[in-house]
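A.B. asks: Below is one structure. I have some questions about it.
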Amino acid sequence: MNKVWLCLLWVFWHSQAYAHGDDEIFSHFKAERLEYEGNQDLHLFKWDVQHWIGNDDHKLWLKTEGDYSGDQDIFGRADLQMLYSRNVDTFWDFQIGARRAFEPERTFDAVIGFQGLAPYFIEVDSAMFITDTGNVLGRLSLGYELLLTQRLILAPRFEVNVAASDLEIRGVKAGVTELEAGMRLRYEIEREFAPYIGFDYVEEESLREHHHSLRGVVGMRIWY
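Under our numbering, the first residue of the sequence shown is numbered 2, with each subsequent residue one higher.
Written as structure tokens, this is what we have:
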């Protein structure tokens, strides 16, 4: 695993060597979701955090996403991705790298994906995960921002996780394994800091059970 991380770092810095000498290196951190999500039966703390460093053409990305159940004192899902990103078109990057999942099982996957801005300003983050046994999983996230005022923003969000085949070791069933659709209303105290409220409708499908629920959300969005 360490060799893969080092290889990604080498690819990134090697690409920088061929960049123009006046290309400045930038970095950007964004905690898109730091939130409590729950209902009368469920209490979760969730995060969705991304950080990149690079220039317009080449970037190194770190992404982490997951949830923690406070009442059960367990992590439901937690993973970390390290990706090399190459700009391939206006507003679009091709990404390749690796994902380390820590929960529910410790696994290691290759990642191929695209991230960018679709027509009508829809934010897209897509990834295909290839396991060490050749199984394929996928994740697609879509987001949109509607400005109600200069500070008040309504942000619908949709995410779906899929699997090409059953994965016994992960308890994953072929097809749609998780679907999440929701809405968040945030108030930008500053552009870099915005508390929000909202809701999510979540469906989860595994080899052992099926769940669906409506959950309230309160959290904050931070970037710099």
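Every residue, glycine too, gets a C-beta built ideally from N, C-alpha and C.
These numbers come from a predicted model, not from an experiment.
Which stretch, first to last residue, makes up the beta strand (DSSP E) that contains L138?
C.D. replies: For the purposes of this step, residue 138 is taken as residue 137 along the sequence shown, with counting starting at 1. Counting along the chain, the beta strand (DSSP E) containing L138 begins and ends at V137 to G144.
A.B. asks: Per DSSP, what are the beta-bridge partners of D68 in this structure?
C.D. replies: The count along the sequence shown starts at 1 and reaches residue 68 at position 67. In the DSSP output, where bridge partners are listed per residue, D68 has K47 and R78.
A.B. asks: Does P157 come out as helix, strand or coil in the three-state DSSP assignment?
C.D. replies: As a first step, residue 157 must be located in the sequence shown, where it is residue number 156. Note: P157 maps to strand in three-state DSSP.
A.B. asks: By Cβ distance, which residues of its chain are closer than 6 Å to L141, with the 5 residues on each side in sequence left out?
C.D. replies: By 1-based counting over the sequence shown, the position of residue 141 is 140. So the qualifying residues of the chain are S127 and V161.
A.B. asks: Residue range of the beta strand (DSSP E) that P196 falls in?
C.D. replies: Stepping through the sequence shown from its first residue, residue 196 is reached at position 195. P196 -> beta strand (DSSP E) spans F194 to E206.
A.B. asks: Leaving out five residues before and five after A156 in sequence, what residues of the same chain have Cβ atoms less than 6 Å from its Cβ?
C.D. replies: Residue numbering aside, residue 156 sits at position 155 when the sequence shown is read from its first letter. Taken in chain order, the residues that qualify are E146 and R185.
A.B. asks: Would you list the one or two residues that DSSP bridges to K31?
C.D. replies: Here residue 31 is taken as the residue at index 30 of the sequence shown, counted from 1. Partner(s): Q51 and W224.
A.B. asks: Is the number of C-beta pairs between the segment 101–109 and the segment 25–42 that are closer than 8 Å three or more?
C.D. replies: Counting Cβ pairs under 8 Å, fewer than three are found: no touch.
A.B. asks: With C-beta atoms as the reference, is A102 less than 8 Å away from D80?
C.D. replies: Working through the sequence shown from its first residue, we reach residue 102 at position 101. Working through the sequence shown from its first residue, we reach residue 80 at position 79. Yes, Cβ-Cβ distance for A102 and D80 is below 8 Å.
A.B. asks: Just how far apart, CA to CA, sit S70 and R216?
C.D. replies: Start at 1 with the first residue of the sequence shown, and residue 70 comes out as number 69. Start at 1 with the first residue of the sequence shown, and residue 216 comes out as number 215. The straight-line gap from Cα to Cα measures roughly 14 Å.
A.B. asks: When you compare each of G67, R187, F27 and R171 to G150 by their alpha carbons, which one comes out closest?
C.D. replies: As a working mapping, residue 150 is identified with position 149 in the sequence shown. It is Thr, not Gly, that sits at residue 150 in the sequence shown. Residue R187 is the option with its Cα nearest to T150.
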